[in-house]
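Protein chains in written order, with this note's numbering: chain E, 153 to 431; chain U, 4 to 259. By construction, the Cβ of each residue, glycine as well, lies at the ideal position given by its N, Cα and C atoms. The structure displayed is predicted, hence computed values, not measured ones. Quick notes on the structure that follows.
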Amino acid sequence: MESNEVVIETRNLYYAYEDEKYVLKNINLRINKGEIIAILGENGAGKTTLVKHFNGLLKPTKGEVFVLGKNVKDMSVAELSKHVGIVFQNPDHQLFSETVEKEIEFAMVNFGFEKHYIEERIEWALKLMGLEKYRNRSPYTLSIGERKRLTLATVLSYDPDILILDEPTAGQDFLQKEKIAELMNLLKHRKKTIIIVTHDIEFIVNRVERVILLVGGKIIYDGDKRGALTNYKLMKEARLLPPQVSQISWILYNLGVKLPKDILYTEELLRELLRIYKS
Amino acid sequence: MSFLEGFKFRRKDTRIHKLDPRTKFIIVVVYTVLSLIFFNVIPLFILFLSTIFLIYMAESMNEWKKTIRGMFFFLTIIFILNFISISQNKIDYSLAMVLRFLTLTSIFSFFFLTTTPDELALAIEASGISRDYSLMFTMSLRFVPTLAKDLQTIMDALRSRGLELEKGGFIQRIRNYTYVLVPLIVYEIRRSLMIAEALEARGYGATDKISTYFELRMKRIDYIITVIAIIITILVILLKIYGMLPSWLFIKISNI
Numbered sequence: 153m154e155s156n157e158v159v160i161e162t163r164n165l166y167y168a169y170e171d172e173k174y175v176l177k178n179i180n181l182r183i184n185k186g187e188i189i190a191i192l193g194e195n196g197a198g199k200t201t202l203v204k205h206f207n208g209l210l211k212p213t214k215g216e217v218f219v220l221g222k223n224v225k226d227m228s229v230a231e232l233s234k235h236v237g238i239v240f241q242n243p244d245h246q247l248f249s250e251t252v253e254k255e256i257e258f259a260m261v262n263f264g265f266e267k268h269y270i271e272e273r274i275e276w277a278l279k280l281m282g283l284e285k286y287r288n289r290s291p292y293t294l295s296i297g298e299r300k301r302l303t304l305a306t307v308l309s310y311d312p313d314i315l316i317l318d319e320p321t322a323g324q325d326f327l328q329k330e331k332i333a334e335l336m337n338l339l340k341h342r343k344k345t346i347i348i349v350t351h352d353i354e355f356i357v358n359r360v361e362r363v364i365l366l367v368g369g370k371i372i373y374d375g376d377k378r379g380a381l382t383n384y385k386l387m388k389e390a391r392l393l394p395p396q397v398s399q400i401s402w403i404l405y406n407l408g409v410k411l412p413k414d415i416l417y418t419e420e421l422l423r424e425l426l427r428i429y430k431s
Numbered sequence: 004m005s006f007l008e009g010f011k012f013r014r015k016d017t018r019i020h021k022l023d024p025r026t027k028f029i030i031v032v033v034y035t036v037l038s039l040i041f042f043n044v045i046p047l048f049i050l051f052l053s054t055i056f057l058i059y060m061a062e063s064m065n066e067w068k069k070t071i072r073g074m075f076f077f078l079t080i081i082f083i084l085n086f087i088s089i090s091q092n093k094i095d096y097s098l099a100m101v102l103r104f105l106t107l108t109s110i111f112s113f114f115f116l117t118t119t120p121d122e123l124a125l126a127i128e129a130s131g132i133s134r135d136y137s138l139m140f141t142m143s144l145r146f147v148p149t150l151a152k153d154l155q156t157i158m159d160a161l162r163s164r165g166l167e168l169e170k171g172g173f174i175q176r177i178r179n180y181t182y183v184l185v186p187l188i189v190y191e192i193r194r195s196l197m198i199a200e201a202l203e204a205r206g207y208g209a210t211d212k213i214s215t216y217f218e219l220r221m222k223r224i225d226y227i228i229t230v231i232a233i234i235i236t237i238l239v240i241l242l243k244i245y246g247m248l249p250s251w252l253f254i255k256i257s258n259i
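So this is what it looks like as structure tokens:
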């Protein structure tokens, strides 16, 4: 799936909201086309601040950010947003239209898409997010789960190459989370680059390949998810709870069961336990 | 939103911070009255300088500077509007109005920088206003930074969907901002309903007579300042009415 085409690159990126108080420190990242990445870290670690650089909402205080090979310094948010779609956490901060249809239409109108194309994309997005029956309803009358799906639809509709989801699972029940996971799968097949910002470890275990750990504005880990999620020290430093399966296997290990220390999936744990049981 | 910095309370250990909020409120009233009775550059300039001194005493110059910098646009507008609407003494009058605005902004900034919201609520209640209103007032102050943050989030979300807030003519820009207003209003109404529920869940309004943790106490310095402030104000007003103020106060600076 991965190709070597770099879609987002940061070079020595620093960012400060106020003078000299850096909330991002020396961020160096290369994100390839088609990658599925989770940016993890506790509240205030700088996750959202980092992704806001990817569509130009924030411009680096020091260093450079390149999106699709171009320096963001000279590009407007509108230009960048066409390629980089960000879905923010709280639907109530984003919805304002009279109907669901108009809500989805908004971004495409801003980008100046053709009318027939807009109609086509609205249908596609409504169907994808299961919102067809609400098309003429006011977004404010929808349930929180539906509103969340609507915010996804508003961005997916214009088909950006890179999709950033900020806390997509916050306040979502199991079913909604499954729907978001399904959506990520679909986007993966369409070769989209997906970045999720979250601290929902259980959600990402089966869904991303690469993990970036942010602590106090610095990257402390960037690589394969297993290396981060099964490393007790790193996870503690990032103030995150490792996946439950890993925690169980550590407990068993400390009780004397001869298990490898980097178990990530339920199946792995079961396989190992079966192996020990048989011998 | 940095011009709001000068209206946010900062905990600092200065003599000004230790004053009773009622004393500080009287200082605000005195400054307001004095700056409203004068239309001349020199007295307003003196008033303005003395507010700076008060803010300096409260060690809050940096916050105040941010506010004044943010007010620059308003100051220019005040100057221009006065300049074109007045037929004589154009420069003097416009400058005086700018100074009056600066004085008022600074003295209110002085008050809010040095008075905790709790003290403020107590001071309002002590002056006989019901708790419902004092709470409303202090909560609205408390939520100004929150509101500013919400506004930023909403603008970020809209810009991420390709809205260019600064693009287009005047009408188009106003229309762009209505996109921001709808989610902001809906969100804040929802938030206020939640706060109301949370307040009731914690027993707000259970009894008419409430006890207080902090008590306001006027110290000797408070009485002294209050009395001096009131005497000065009355004296200045009387002198002004009887035309006994020194004439150099009314010199036109455009003649110099």
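In the DSSP assignment, find the unbroken beta strand (DSSP E) run with I348 of chain E in it and report its ends. 345-350
Residue of U:A129, U:L166, U:L78, U:L161 minimising C-alpha distance to L107 of chain U: U:L78
When E:E216, E:T306, E:R427 are compared against E257 of chain E, the one with the closest alpha-carbon: E:T306
Which word fits F75 of chain U, buried or exposed, when buried means at least 16 other C-beta atoms lie within 10 angstroms of its C-beta? exposed
At 4 residues or longer, and completely inside the region 188-276 of chain E: list those alpha helix (DSSP H) runs for me, N to C. 199-203, 229-233, 252-262
Which of the three DSSP states is assigned to D135 of chain U in this structure? helix
Anything in the region 177-194 of chain U with a Cβ closer than 7 Å to a Cβ of chain E? List those residues in chain order, please. Y182, V185, P186, V189, Y190, R193
When you compare only the Cα positions, how much space is there between R176 of chain U and L247 of chain E? 19 Å
Since I177 of chain U is in the alpha helix (DSSP H), which residue starts that stretch and which ends it? 173-204
Near T201 of chain E, which residues of its chain fall below 7 Å by C-beta distance, leaving aside the five closest residues on each side in sequence? Y167, V175, L176, L210
From which residue to which residue does the beta strand (DSSP E) around R362 of chain E run? 362-367
Please determine, among E:T293, E:R342, E:L165, E:E330, the residue with the shortest C-alpha to C-alpha distance to K185 of chain E. E:R342
Rounding to the nearest angstrom, what Cα-Cα distance links N43 of chain U and N92 of chain U in this structure? 10 Å
Looking at C-alpha atoms only, which residue of E:K285, E:V158, E:L365 is the closest neighbour of K197 of chain E? In the sequence as displayed, the identity of residue 197 of chain E is Ala instead of Lys. Closest option to A197 of chain E, Cα to Cα, is E:L365.
Assuming Y167 of chain E is part of the beta strand (DSSP E), what are its boundary residues? 158-170
Nearest to I127 of chain U (by Cα), restricted to the options U:I227, U:F28, U:L241, U:F253: U:F28
Across which residues does DSSP place I183 of chain E in a beta bridge pair? E:I160
Collapsed DSSP secondary structure at V207 of chain U in the structure displayed: Residue identity check: residue 207 of chain U is Tyr in the sequence provided, not Val. If DSSP states are grouped into helix, strand and coil, Y207 of chain U belongs with coil.
Applying the criterion that 16 or more other CB atoms from any shown protein chain within 10 Å of the CB defines a buried residue, is Y190 of chain U buried or exposed? buried
Residue closest to S228 of chain E, alpha-carbon to alpha-carbon, out of U:L150, U:F104, U:L116, U:L168: U:L168
Residues of chain U with CB under 7 Å from V159 of chain E, in chain order? Those do not exist, as V159 of chain E stays about 17 Å from chain U at its closest Cβ, beyond 7 Å.
Spatial neighbours of E157 of chain E in its chain, beta-carbon cut-off 7 Å, leaving aside the 5 residues before and after: N184, K185
Put K255 of chain U into one of helix, strand or coil per three-state DSSP. coil
Closer than 8 Å, Cβ to any Cβ of chain E: which residues of the region 143-167 of chain U, in chain order? D153, T156, I157, D159, A160, L161, R162, S163, R164, G165, L166, E167
With a cut-off of 8 Å, does the C-beta of T293 of chain E fall near any C-beta of chain U? no
In this structure, how does DSSP classify Y373 of chain E when only helix, strand and coil are distinguished? strand
What would DSSP say about V409 of chain E, mapped onto helix, strand or coil? coil
According to DSSP, simplified to helix, strand and coil, what is Y174 of chain E? strand
Buried or exposed: where does L83 of chain U fall if 16 or more other Cβ atoms within 10 Å of its Cβ makes it buried? This sequence places Ile at residue 83 of chain U; Leu is not what is there. It counts as exposed.
Rounded distance between the beta-carbons of E122 of chain U and E66 of chain U, thought under 8 Å: The pair is not a contact, with the Cβ atoms about 18 Å apart (cut-off 8 Å).
Close beta carbons around L166 of chain U, own chain, < 8 Å, minus the five adjacent residues each side: N179, Y182
Using DSSP with H/G/I as helix, E/B as strand and the rest coil, what is L283 of chain E? coil
Cα-Cα separation between N337 of chain E and W402 of chain E, rounded to whole angstroms: 30 Å
Output yes if chain B places a C-beta closer than 8 Å to the C-beta of A230 of chain E; else output no. Of the chains in the structure shown, none is chain B; the protein chains are E and U.
Do T350 of chain E and E389 of chain E have their C-beta atoms within less than 8 Å of each other? no
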